[in-house]
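In the numbering used here, the protein residues as written are 392 to 543.
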């Protein structure tokens with residue numbers, strides 16, 4: 392199944408094979424990436440979970456063109472973006488509790504992304520508690536505001 396054919400309920404959380412959380416607010420951000428992501432195939436193996444608990448695994452990505460406006464091509468800021476299409480394998484729907492568990496595991500694996508050391512340890516723990524208390528998958532996205540890694 393291609394990403395354009397999936398009926399995503401946004402936002403979508405992406406869990407990479409190295410336990411990072413990516414976030415996609417819409418189809419545009421989901422199907423856009425930078426040169427490193429494309430070259431290294433960083434999205435391959437990523438599990439996508441939408442706001443309704445639907446789940447897919449990215450089996451491969453393919454560049455379909457250039458992303459962004461023509462004005463962005465003239466500006467020297469950041470790398471050029473590619474429009475991509477993911478080949479997706481549908482999986483069983485997941486429950487909120489599983490998404491919360493995975494989000495917390497990813498946060499703990501990359502705690503440095505959520506805090507600046509010992510002073511922020513209490514804030515980090517409080518954020519973990521908030522994630523565990525969410526009532527919707529979209530609320531996890533809202534709390535964490537995960538990166539799309541588009542420039543990478």
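All C-beta atoms in this analysis are idealised placements derived from N, C-alpha and C, irrespective of residue type, glycine included.
### Query
What's the C-alpha gap between residue 544 and residue 405?
Here the chain has residues from 392 to 543 only, and residue 544 is not among them.
#### Entry: Burial state of residue 453 (16 or more Cβ within 10 Å)
exposed
### Message
Relative to the C-alpha of residue 501, which candidate in 435, 538, 450, 395 has its C-alpha closest?
### Response
Taking only the C-alpha atoms, the option nearest residue 501 is 538.
### Where the alpha helix (DSSP H) containing residue 420 begins and where it ends
Counting along the chain, the alpha helix (DSSP H) containing residue 420 begins and ends at 418-421.
### Message
Just to confirm, is the Cβ distance from residue 494 to residue 522 under 8 Å?
### Response
Cβ atoms of residue 494 and residue 522: closer than 8 Å.
### Message
Between the alpha carbons of residue 336 and residue 392, how many angstroms are there, rounded?
### Response
An answer regarding residue 336 cannot be provided, because it is not within the stretch 392 to 543 covered by the chain.
### is_contact[residue 445, chain D] using C-beta, thresh 8 Å
Considering every chain present, this structure includes no chain D. It has just one protein chain.
### Task
Evaluate residue 473 with the Cβ neighbour count: other Cβ atoms within 10 Å of its Cβ, from every protein chain shown; 16 or more gives buried, anything less gives exposed.
Label assigned to residue 473: buried.
### Inter-residue Cα distance where the pair is residue 518 and residue 489
17 Å
### Query
Where does residue 398 land, buried or exposed, given buried means 16+ other C-beta within 10 angstroms?
exposed
### Message
Output needed for residue 443: all residues of its chain with C-beta closer than 6 Å, excluding positions within five of it in sequence on either side, in chain order.
### Response
400
### Task
Give the secondary structure of residue 463 by DSSP, where H, G and I count as helix, E and B as strand, and everything else as coil.
Reliability of the predicted coordinates at residue 463 is poor, the pLDDT of 49 falling under 50, and no value is obtained from them.
### Task
Could you say which of 427, 428, 409, 440 lies nearest to residue 416 if we only look at CA atoms?
440
### Task
Tell me whether residue 393 sits in a helix, a strand or coil according to DSSP, three-state version.
Assigned with DSSP and collapsed to three states, residue 393 falls in strand.
### Own chain residues within Cβ distance below 8 Å of residue 410, not counting five before or after
496, 497, 500, 501
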